[in-house]
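S.K.:
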Amino acid sequence: MKTLRLDEIDGVPVLGTLVWKPIRRPLGITAFGINAYTAANAGDEVVEDHSEKTNGHEEIYVVVSGHAVFTVDGGEVDAPAGTLVYLDDPLERRSAVAREPGTTVLAVGGVPGKHEPTAWEYFFPALPHAREGNWARAEELVREGIAEYGERPVLLYELACFEARQGKSEDALAHLSDAVGGDARCREWAQTDDDFASIRDDPRFPR
Amino acid sequence: MKAVRIDRLAPGRPEGIDWLPLRAELGISAFGVSAYRADAGEPVVPRHFEKSGAGAGVHEELYVVVRGRATFTVEGATVDAPQGTCVFVPPGEQREARAEEPGTTVLAVGAPPGEAYRIAPWEYAARAACAAELRDVDELERVRDEGVATYGEHVTMLYASALISAQRGRHDEALDFLSRAAADEDFGDWIRESAPAEPLLEPVRDDPRFLR
Numbered sequence: 017m018k019t020l021r022l023d024e025i026d027g028v029p030v031l032g033t034l035v036w037k038p039i040r041r042p043l044g045i046t047a048f049g050i051n052a053y054t055a056a057n058a059g060d061e062v063v064e065d066h067s068e069k070t071n072g073h074e075e076i077y078v079v080v081s082g083h084a085v086f087t088v089d090g091g092e093v094d095a096p097a098g099t100l101v102y103l104d105d106p107l108e109r110r111s112a113v114a115r116e117p118g119t120t121v122l123a124v125g126g127v128p129g130k131h132e133p134t135a136w137e138y139f140f141p142a143l144p145h146a147r148e149g150n151w152a153r154a155e156e157l158v159r160e161g162i163a164e165y166g167e168r169p170v171l172l173y174e175l176a177c178f179e180a181r182q183g184k185s186e187d188a189l190a191h192l193s194d195a196v197g198g199d200a201r202c203r204e205w206a207q208t209d210d211d212f213a214s215i216r217d218d219p220r221f222p223r
Numbered sequence: 119m120k121a122v123r124i125d126r127l128a129p130g131r132p133e134g135i136d137w138l139p140l141r142a143e144l145g146i147s148a149f150g151v152s153a154y155r156a157d158a159g160e161p162v163v164p165r166h167f168e169k170s171g172a173g174a175g176v177h178e179e180l181y182v183v184v185r186g187r188a189t190f191t192v193e194g195a196t197v198d199a200p201q202g203t204c205v206f207v208p209p210g211e212q213r214e215a216r217a218e219e220p221g222t223t224v225l226a227v228g229a230p231p232g233e234a235y236r237i238a239p240w241e242y243a244a245r246a247a248c249a250a251e252l253r254d255v256d257e258l259e260r261v262r263d264e265g266v267a268t269y270g271e272h273v274t275m276l277y278a279s280a281l282i283s284a285q286r287g288r289h290d291e292a293l294d295f296l297s298r299a300a301a302d303e304d305f306g307d308w309i310r311e312s313a314p315a316e317p318l319l320e321p322v323r324d325d326p327r328f329l330r
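Chains as they are written, first to last, in this note's numbering: chain A, 17 to 223; chain B, 119 to 330.
(1) In chain order, what residues of the region 196-211 of chain A put their CB closer than 7 Å to some CB of chain B?
(2) Would A163/A be called buried (16 or more neighbouring beta carbons within 10 Å of its own) or exposed?
(3) For the alpha helix (DSSP H) that D263/B lies in, which residues bound it at each end?
(4) Using DSSP with H/G/I as helix, E/B as strand and the rest coil, what is A163/A?
(5) For a cutoff of 9 Å on Cβ pairs, would you count G82/A as touching chain B?
(6) Using only the alpha-carbon positions, how far apart do S185/A and G90/A sit?
(7) Quick one: which residues of the region 18-39 of chain A get their C-beta closer than 8 Å to a C-beta of chain B? List them in chain order.
(8) Do you know offhand how far R260/B's Cα is from E174/A's?
(9) Taking C-alpha atoms, which residue in A215/B, I282/B, R298/B and H177/B lies nearest to R236/B?
(10) What residues of chain B sit near V101/A, judged by a beta carbon separation below 9 Å?
(11) Which whole-angstrom value describes the C-beta separation of A112/A and V85/A, a residue pair presumed to lie in contact below a C-beta threshold of 8 Å?
(12) Tell me the DSSP bridge mates of R123/B?
(13) With a threshold of 9 Å between beta carbons, is D105/A in contact with chain B?
(14) Using 8 Å for Cβ pairs, my map puts A188/B next to E218/B. What's the rounded Cβ distance?
(15) Using a C-beta to C-beta distance shorter than 7 Å, which residues of chain B count as neighbours of L122/A?
(16) Note the first and the last residue of the continuous alpha helix (DSSP H) segment covering L144/B.
(17) When you compare only the Cα positions, how much space is there between R216/B and D198/B?
(18) I want to verify the contact list: residues of chain A whose CB lies under 8 Å from the CB of V207/B, in sequence order.
(19) For F190/B and chain A, any beta-carbon pair shorter than 9 Å?
(20) Suppose only complete runs of 4+ residues qualify. What are the alpha helix (DSSP H) ranges in the region 111-190 of chain A, listed by chain order?
(21) CB P139/B to CB E168/B, shorter than 9 Å?
(22) What does the Cβ neighbour count give for H66/A, buried or exposed, with the cut at 16 atoms within 10 Å?
(23) Comparing alpha-carbon positions, which option in T203/B, E211/B, S152/B and P200/B lies nearest V192/B?
(24) Under a three-way DSSP split, which group does H66/A fall into?
(25) I'd like the span of the beta strand (DSSP E) that includes L20/A, first residue to last.
(26) Which residues of chain A have a Cβ atom closer than 7 Å to the Cβ of P230/B, listed in chain order?
(27) Measuring alpha carbon to alpha carbon, tell me which of D105/A, Y53/A, D94/A and T70/A ends up nearest T119/A.
(28) Beta carbon of F221/A, beta carbon of L189/A: below 9 Å?
(29) By DSSP's criteria, A156/B is part of a beta bridge. Which residues make up the other side?
(30) Let me know the secondary structure DSSP gives D94/A once reduced to three states.
(31) Cα separation between F328/B and H272/B?
(32) Can you tell me where the beta strand (DSSP E) holding V163/B begins and where it ends?
(33) Can you pull the chain A neighbours of D125/B, defined as C-beta to C-beta under 8 Å?
(34) Can you name the residues of chain B whose CB is closer than 8 Å to the CB of V88/A?
(35) What span of residues does the beta strand (DSSP E) with H73/A cover, start to end?
(36) Please report the straight-line C-alpha distance between D83/A and A114/A, rounded to a whole angstrom.
Okay, here's the thing in structure tokens:
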């Protein structure tokens, strides 16, 4: 048995005003995905605008405290504490904004017929450090993710980003090449990614 | 997309605890999710293992206290769990929880590690028990058919079949189902205790073959 309290989990600021509270990874859950998101202020995002096209997850969001408003494919759902919003179609676009400070939303996800963790959980911890320009710490955290989760293309891509920012051109080019080899989307992302400004003119940069 | 509010759902009480069958209500197929609700001093998570062979799904389970306060007991260790506490329990550990405040509500999320999720037998049994309590034989039959389609003649579905057959006037069949259910290693004792007081078995209760 392991326990956590939502208000004692350190929040990780990730995208925009979104603050992620990791649950699945610290508890070692492998059978389904589960994390929480909190908003310090009314108006902050508590679920980022996204679909589950890539992961193929069914998702259920549980408003544990506060009050949120969900937007799902353009339709709004008023969601006070105790509301569950279930999205069976991974293609539905979903987002939510807090209406009260301290709103906390639990997100549970899984693929019908199977489950494995998703790669983003292993690079989200690096994002606040990258935002502050602490590229070495960001690289360290992604390497920890790779050690735990394996050389997934998305993680290799993030690793290459942080290496390139530190002038580690050879490592960055090698990891970017591996990422592109494993997931063609990485080639597309790399073309406009500012992280690769220092290596974009190298003839080995994937076009 | 579907949205529900926990406090507006009508609970069943298959194990003497208010049970909110969220997975079935929403049609979730990737993982299991239910909520339990109880007043202070009452059980809010029934004592159980997630072991193979009984009605459990051998699931990893995460309990989240979404309202009130509970005390969990896991393998003899107690955990004070105010609102916002997450308690993760692997399949082999015995767990239960008691509500400490009125209206305490605990969300339970579960799935088997390393394999595809499928609805656990207990969920069919719980839905069947709710239907039986309401004397809704048509709903009981629907749940039984779903359970049999997934697990075949699991003991819980044998018992449901006994109730249905008794109500449909197929008395020999009801007694046969009941006898087979009562012989089950895991649930036999519970069935022998429950069947004499089960109203849906009234049509066959005076038969000398009842639970023989």
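We put the CB at the ideal spot given by N, CA and C, even for glycine.
M.R.: The relevant details are as follows:
(1) Result list empty, no residue passes.
(2) Position 147 of the first sequence holds residue 163/A. That one is exposed.
(3) The sequence position of residue 263/B within the second sequence is 145, counting from 1. Per DSSP, D263/B belongs to the alpha helix (DSSP H) from V255 to Y269.
(4) Within the first sequence, the letter at position 147 stands for residue 163/A. Three-state result, A163/A: helix.
(5) Working through the first sequence from its first residue, we reach residue 82/A at position 66. No - not a single Cβ of chain B is within 9 Å of the one on G82/A.
(6) Locating residue 185/A in the first sequence gives position 169, counting from the first residue. Locating residue 90/A in the first sequence gives position 74, counting from the first residue. Computed Cα separation, rounded: 43 Å.
(7) Hits within the stretch, in order: K18, T19, L20, R21, L22, D23 and I39.
(8) Within the second sequence, the letter at position 142 stands for residue 260/B. Within the first sequence, the letter at position 158 stands for residue 174/A. Straight through space, the alpha carbons of E174/A and R260/B are spaced by roughly 50 Å.
(9) On the second sequence, residue 236/B is found 118 positions in, with the first residue counted as 1. Of the listed residues, the one whose Cα sits closest to R236/B is H177/B.
(10) As a first step, residue 101/A must be located in the first sequence, where it is residue number 85. Those within 9 Å of V101/A in chain B are M119, K120, A121 and V122.
(11) As a first step, residue 112/A must be located in the first sequence, where it is residue number 96. As a first step, residue 85/A must be located in the first sequence, where it is residue number 69. About 7 Å separates the Cβ atoms of A112/A and V85/A, confirming a contact at the 8 Å cut-off.
(12) Translated into positions along the second sequence, residue 123/B becomes position 5. The partner list for R123/B (beta bridge, DSSP) reads T99/A.
(13) Residue numbering aside, residue 105/A sits at position 89 when the first sequence is read from its first letter. It does; some Cβ of chain B falls within 9 Å.
(14) Here residue 188/B corresponds to residue number 70 of the second sequence, with the count starting at 1. Here residue 218/B corresponds to residue number 100 of the second sequence, with the count starting at 1. Yes, A188/B and E218/B are in contact; Cβ-Cβ is about 6 Å, under 8 Å.
(15) Counted from its first residue, the first sequence places residue 122/A at position 106. Under the 7 Å cutoff, chain B gives V182.
(16) Against the second sequence, residue 144/B aligns to sequence position 26. It spans L140 to L144 - the alpha helix (DSSP H) in which L144/B sits, taken as one unbroken run.
(17) Your numbering for residue 216/B matches position 98 in the second sequence. Your numbering for residue 198/B matches position 80 in the second sequence. In this model, R216/B and D198/B are separated by some 10 Å (Cα to Cα).
(18) Numbered from 1 along the second sequence, position 89 holds the residue referred to as residue 207/B. Within chain A, the residues near V207/B are M17.
(19) As a working note, residue 190/B is residue 72 in the second sequence. By this cut-off, F190/B is an interface position.
(20) Runs of alpha helix (DSSP H) with 4 or more residues, each lying fully within the region 111-190 of chain A, are found at 136-139, 143-147, 151-165 and 169-181, listed in chain order.
(21) For the purposes of this step, residue 139/B is taken as residue 21 along the second sequence, with counting starting at 1. For the purposes of this step, residue 168/B is taken as residue 50 along the second sequence, with counting starting at 1. In terms of Cβ geometry, P139/B and E168/B do not form a close pair [threshold 9 Å].
(22) The residue labelled residue 66/A in the question sits at position 50 within the first sequence. Around the beta-carbon of H66/A, fewer than 16 other beta-carbon atoms lie within 10 Å, marking it exposed.
(23) The residue given as residue 192/B occupies position 74 in the second sequence. Measuring from the Cα of V192/B, the nearest candidate turns out to be E211/B.
(24) Translated into positions along the first sequence, residue 66/A becomes position 50. Looking at H66/A - three-state DSSP - the assignment turns out to be strand.
(25) Looking up residue 20/A in the first sequence gives position 4. Secondary structure note for L20/A: its beta strand (DSSP E) is the uninterrupted segment K18 to R21.
(26) Residue numbering aside, residue 230/B sits at position 112 when the second sequence is read from its first letter. Residues of chain A whose Cβ lies closer than 7 Å to the Cβ of P230/B are, in chain order, A47.
(27) On the first sequence, residue 119/A is found 103 positions in, with the first residue counted as 1. Sorting D105/A, Y53/A, D94/A and T70/A by C-alpha distance to the C-alpha of T119/A places Y53/A at the top.
(28) For the purposes of this step, residue 221/A is taken as the residue at position 205 of the first sequence. For the purposes of this step, residue 189/A is taken as the residue at position 173 of the first sequence. In contact: F221/A and L189/A (Cβ atoms closer than 9 Å).
(29) If you number the second sequence from 1, residue 156/B lands on position 38. Looking at the DSSP output, A156/B shares a beta bridge with T222/B.
(30) What you label residue 94/A is simply residue 78 of the first sequence in a count that begins at 1. Of the three classes helix, strand and coil, the one that applies to D94/A here is strand, per DSSP.
(31) Against the second sequence, residue 328/B aligns to sequence position 210. Against the second sequence, residue 272/B aligns to sequence position 154. Here the C-alpha atom of F328/B lies approximately 20 Å from the C-alpha atom of H272/B.
(32) To locate residue 163/B, count along the second sequence from 1; it is residue 45. Its beta strand (DSSP E) spans residues P161 to H166.
(33) Your numbering for residue 125/B matches position 7 in the second sequence. The answer, in chain order, is G98.
(34) What you label residue 88/A is simply residue 72 of the first sequence in a count that begins at 1. Chain B residues near V88/A: M119.
(35) Along the first sequence, one-based indexing puts residue 73/A at 57. Per DSSP, H73/A lies in no beta strand (DSSP E) segment and is marked neither H nor E.
(36) The residue you call residue 83/A lines up with position 67 of the first sequence. The residue you call residue 114/A lines up with position 98 of the first sequence. It is worth fixing the name first, because residue 83/A is His in this sequence and not Asp. If you draw a straight line from the Cα of H83/A to the Cα of A114/A, it is about 6 Å long.
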